[in-house]
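Chains as they are written, first to last, in our numbering: chain A, 3 to 237; chain B, -11 to 365; chain C, 80 to 373.
Below is one structure, written out as structure tokens; comments come after it.
Okay, structure coming up:
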């Protein structure tokens, strides 16, 4: 479904990606692991169009998307849950979800999807009239995921969903994500510092270092891999 | 330019400034001045050069504030007015020597600038620009207040006696020449001081603030202290300039300082070149001689008079977008032979399709935000 | 007239003047919120479009010309954002402020060149003329009622736009977080142009109302811009509701100062308001963020 080939990109003079290739099959959950600054977030930003690739290709559902704007990419069915949540702090929870469906015109479908998001994250329903800035970190993460779902994506990009959250909360969010993946038949690419969690829900994983893929294997194999265990799993 | 060439250029400039008042008594130079004014509207008389020195001080200070520290004052004329009135009141009501009046005018204005600056400078962004704009717009009302009209002369302002050369040097210089020296000398001194400030740690802190407040803070620059210092310094310059203005024009009134004058200050330093001493000098030349040139152009094309502000406005925008270092930057580029390369690079960056040239640039936020800006400073 | 009635009369007068300040302040805040640019040309753009409406009114009735001028202002504002402001929008405030000053100079000068320095009588529609209304001994002219009504209507329209429409929601989202806005599919550049377009239209209304209450002249909006800035700072530069309340407040302060102190200090009062707010409460009455972007 998503095919990234030899992607290079940089922030001004700083090289971020130096030849990343990855393949995401339809319906799969792919984990992207690696240390800070390895290019994990940059990979997602390149896929969603926020970071322009200097060379390499990104193909989604048979179509080149590496020269498209983020706006156009959303319309094709890729939604990103950005690092640090980035909810609209001064909009209410409901408005945040409504704006998530900005690309859609089907009023009744939007209402149905909003109800579904509320059923996945009941706390958002309780707080639907509050401004997002008043939510806790975990609630904001749920809102960011909910907002991305409102675009009815085929592919969901999750950037560090566990960042700054208590472990309990992270488990909860991940289990909800797993449910959503199953029920919505979504394809997911998740970038995580916490490799344990990510490999729990993923079938396949990529390990990035210094802007390039250094390891690429089934989740179970990665778990068993000595180097990965020492570096990212901590046992 | 090689350093030795540079020193020679400065020495020639210094000698020219010292002997300038005598040039116009030479028939050949006199003929040149007359024709220059006839053709271009530029009046290079000794008195105009005196006026140039006044604006040099003011614009040098504004450039320290805006060009170096990146803060914007839209009402610098109000500070000039403070210095002018302080000096004029001292000269009118007391027997203060001119030098002291100028000094008090400068220091008094610095204190006033400090008072105005503190509240606006605590904040980033446009607050100082807004506050100073409101200040210059309300300045005439302030100066005309009945409560202080015994001192300020209300709407009529203050008429000062003409500047006279002291009797002791009678015959050596006439009054006009004396005025020239007594204004040009402080102007040169203030320029040298500004040059030294710009190269000192203080100047570097200013530039750091201009380039990025966050970055400056990380380098350990205390924003509040340095921003206020920049404003007080530029107020000092404005005050000295104002005092010299009052002394040299022997007249001040509320109408001497308009909003459009203050905006012209800004036009001048942007066109002259922000963040450069040479820029301030070119700015003062622009400010002093622009009205003559505009008048001359109006003779040729009547619409110019009314469209003068459109021309300045267009120049502001074009310089800001295409040549952020202004005329001074252009002069430096020509001197180093880089002008052609820099200009074509800038044009290329603006052409459609240049996106691919910048393809690797981060498009955080939005497209089209690439700033070539001061990259070649 | 007893003291209370005198006071009430001044407040009423102040609210009528203040409603124009409120509109201009609203226009300023709209652009500042969405792009971080303070548009010093706001007043001159309004004057310019008012001159256009005046030319139109020589050929047609008041209201069609009024509406047409708003539309022209809309396209003028949007075009300016795309052509002139875009290169400097995300640069330092220095660059953007200097560019808006350039625009100020250009609009002022072109209006002077095209329409001359003499003030022109500006038509008033019939509903604005006729006898003043009186409550007790407080009077308010029909024109002032009309201005207040148009101002309120426009604020209501903007409120509805920003609260209940998809495009309004997208504009608010863009102002808060451009990156996240792009990720939900909003064309951020288009929203910024739209912000300038709407702001210019709002300014045009203020310009036409000003011309109708005074006369049309090249410099008519300059003092008003200062009062509007005072209103915007008072209300909080990033708060539309604050802009409206701040603008009305400054109008009332001006009227009271004019009555009880002197009519010759009105702009000075605006300056005092700005400095006072910056000393006491830099975010203004309703503003949230002190530092927008550094």
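Note that CB positions come from ideal geometry on N, CA and C, so glycine has one too.
Only a predicted model underlies this, so the values are computations on that prediction, with no experimental measurement involved.
Subject >> Where the alpha helix (DSSP H) through residue 143 (chain A) begins and ends >> reply: 139 to 151
Original post:
Going by DSSP, what residues sit across from residue 153 (chain B) in a beta bridge?
Top reply: DSSP, once it has assigned bridges, lists no residue as partnering residue 153 (chain B).
**OP:** Find the residues of chain C that neighbour residue 110 (chain B), judging by a C-beta separation of less than 7 Å, and give them in chain order.
**Re:** 361
Subject >> residue 66 (chain A), DSSP secondary structure in three states >> reply: strand
**OP:** Determine which residues of the segment 221 to 255 of chain B have a Cβ less than 9 Å from any Cβ of chain C, and write them out in chain order.
**Re:** 247, 248, 251, 254, 255
Subject >> Option nearest residue 24 (chain A) by Cα separation, candidates A:38, A:18, A:49 >> reply: A:49
Original post:
Do the segment 136 to 148 of chain B and the segment 54 to 71 of chain B make contact, defined as three or more Cβ pairs closer than 8 Å?
Top reply: no
**OP:** Please check if any C-beta of chain C sits within less than 7 Å of the C-beta of residue 214 (chain B).
**Re:** no
Original post:
Quick one, are the C-beta atoms of residue 310 (chain C) and residue 325 (chain C) less than 7 Å apart?
Top reply: yes
Original post:
Since residue 211 (chain A) sits in a beta bridge, which residues does DSSP pair it with?
Top reply: A:214
Subject >> Under 8 Å from the C-beta of residue 181 (chain C): neighbouring residues of chain B >> reply: 300, 301, 302, 303, 304, 305, 308
**OP:** Assign residue 31 (chain A) to one of three DSSP states: helix, strand, or coil.
**Re:** strand
**OP:** Taking a Cβ distance cut-off of 9 Å, strictly less, list which residues of the segment 253 to 264 of chain C are near chain A, in chain order.
**Re:** 254, 255, 256, 258, 259, 260, 261, 262, 263, 264
**OP:** Taking only the alpha-carbon atoms, compute the straight-line gap between residue 323 (chain C) and residue 191 (chain C) and give it to the nearest angstrom.
**Re:** 30 Å
**OP:** Examine chain C for any beta-carbon lying closer than 7 Å to the beta-carbon of residue 343 (chain B), and answer yes or no.
**Re:** At residue 343 (chain B), the pLDDT of 39 sits below 50, so the modelled position is not reliable; the number obtained from the coordinates is stated separately. Closer than 7 Å: no.
**OP:** Please state whether DSSP places residue 80 (chain A) in a helix, a strand or coil.
**Re:** strand
Original post:
Unbroken alpha helix (DSSP H) runs of length 4 or more, entirely within the segment 92 to 143 of chain A: which are they?
Top reply: 95 to 102, 109 to 122, 124 to 128
Original post:
chain C partners of residue 149 (chain A), CB-CB under 8 Å?
Top reply: 263
Subject >> Every unbroken alpha helix (DSSP H) inside the segment 138 to 215 of chain C [4 residues or more] >> reply: 141 to 159, 172 to 194
Original post:
Can you find a C-beta in chain A that's less than 7 Å from the C-beta of residue 248 (chain C)?
Top reply: yes
Original post:
Is there at least one Cβ from chain B nearer than 7 Å to residue 178 (chain C)'s Cβ?
Top reply: yes
Original post:
Around the Cβ of residue 45 (chain A), are there at least 16 other Cβ atoms within 10 angstroms (buried) or fewer (exposed)?
Top reply: buried
Subject >> Host beta strand (DSSP E) of residue 193 (chain A) (start-end) >> reply: 189 to 193
Original post:
alpha helix (DSSP H) containing residue 28 (chain B): first to last residue?
Top reply: 15 to 28
Original post:
Is the shortest distance between the beta-carbon of residue 36 (chain A) and the beta-carbons of chain C less than 7 Å?
Top reply: no
Original post:
What residues of chain B sit near residue 331 (chain C), judged by a beta carbon separation below 7 Å?
Top reply: Ordered by position in chain B, no residue passes the 7 Å Cβ test against residue 331 (chain C), which lies about 18 Å from the chain.
**OP:** Taking only the alpha-carbon atoms, compute the straight-line gap between residue 390 (chain B) and residue 318 (chain B) and give it to the nearest angstrom.
**Re:** This structure gives no information on residue 390 (chain B), because the portion of chain B shown stretches from -11 to 365.
Subject >> Any alpha helix (DSSP H) of 4 or more consecutive residues that is wholly inside the segment 45 to 107 of chain B >> reply: 64 to 81
Original post:
Is the closest heavy atom of the ligand MG to the C-beta of residue 21 (chain A) under 6 Å?
Top reply: Among the components modelled here there is no ligand, and therefore nothing to report on the ligand MG.
Original post:
Of all Cβ atoms in chain C, is any one closer than 7 Å to the Cβ of residue 25 (chain A)?
Top reply: no
Original post:
Does the beta carbon of residue 187 (chain C) come closer than 7 Å to any beta carbon on chain E?
Top reply: Looking for chain E here will not work: the only protein chains present are A, B and C.
Subject >> 9 Å Cβ cut-off: residues of chain A touching residue 251 (chain C) >> reply: 90, 92, 93, 97, 101
Original post:
Buried or exposed: residue 246 (chain A), going by 16 or more other Cβ atoms within 10 Å of its Cβ?
Top reply: Because chain A spans 3 through 237 in this model, residue 246 (chain A) falls outside it and cannot be assessed.
Subject >> Proximity to residue 244 (chain C) [Cα-Cα], best of A:3, A:234, A:107 >> reply: A:107
Subject >> DSSP-derived helix/strand/coil call for residue 202 (chain A) >> reply: helix
Original post:
Of the choices B:133, B:322, B:150, whose alpha-carbon is the least far from that of residue 86 (chain B)?
Top reply: B:150
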